[in-house]
Each structure stands twice: as structure tokens, then as C-alpha cells.
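Here's the structure we're looking at; comments come further down.
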Amino acid sequence: MYLVRAYLTVNNLPAADTQALILINSPDTPNNIKSSAESLLETAALKQQEAGRSYKQNIALALGVDAKVSPELAFTYQ
402 MYLVRAYLTV NNLPAADTQA LILINSPDTP NNIKSSAESL LETAALKQQE
452 AGRSYKQNIA LALGVDAKVS PELAFTYQ
């Protein structure tokens, strides 16, 4: 559990996912730990979505794409 939190803290999201899934899928893991691991897995998924949006926005900024001026280009790079 602490390892999952540590991975989330340093934004190592794939490792956080893997460790959380190990806890969730282990038959020996108590239910309260499984619930906590599921919550942390959801947090990791949200962080991944936020990172994806940020990445797309950074590409648009780096290319100088403005959706108001050239919406067809903005659609291509989003």
C-alpha cells in the first residue's frame, strides 16, 4: 500500500497501477486493503487522464495552434 502511494507521489503511474492491481487481485489481501488499493488505482487513472490532457495542450502550444484562427488544425493536433 505504501509503495502504491509512493509511486503516485513521484508520478510513476504505471508502477502505481501495477502494485495496486497486485494488491487487488491477491486472494490473501484483506478487503479493507483491497478497497484502499482500488481508490488509489482510481486516483492513478485520474492523474493519467490529466497528464494526457496536459500533453495535448502542450503540443498545441508548441505548434502555435489556435482553435479560433484555424479550428481544422486544432482538431488535428488534439
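With our numbering applied, the sequence shown corresponds to residues 402 to 479, in that order. The beta carbon of each residue, even a glycine, is placed where N, CA and C say it ideally should be.
Where residue i sits in the DSSP three-state scheme
i: Thr430; result: coil
i: Val411; result: coil
Same chain, Cβ closer than 7 Å to residue i, five either side skipped, listed in chain order
i: Thr444; result: Leu409
i: Asp429; result: none
Nearest residue (CA-CA) to residue i, options the options
i: Gln420; options: Ser436, Ala446, Val405 and Glu439; result: Val405
Whether residue i touches residue j by CB criterion (8 Å)
i: Leu424; j: Ala407; result: no
i: Leu441; j: Leu422; result: no
Cβ-based neighbour list, residue i, same chain, cut-off 6 Å, excluding 5 preceding and 5 following
i: Ala417; result: Val405, Tyr408, Leu409 and Ala445
i: Thr477; result: Bear in mind that a pLDDT of 47 at Thr477, under 50, signals an unreliable position, so the number given afterwards is only what the model happens to contain. So the list is empty, once near-sequence residues are dropped.
Sequence-distant residues of its chain with Cβ nearer than 8 Å to residue i (five each side left out)
i: Lys448; result: Leu409, Asn412 and Leu414
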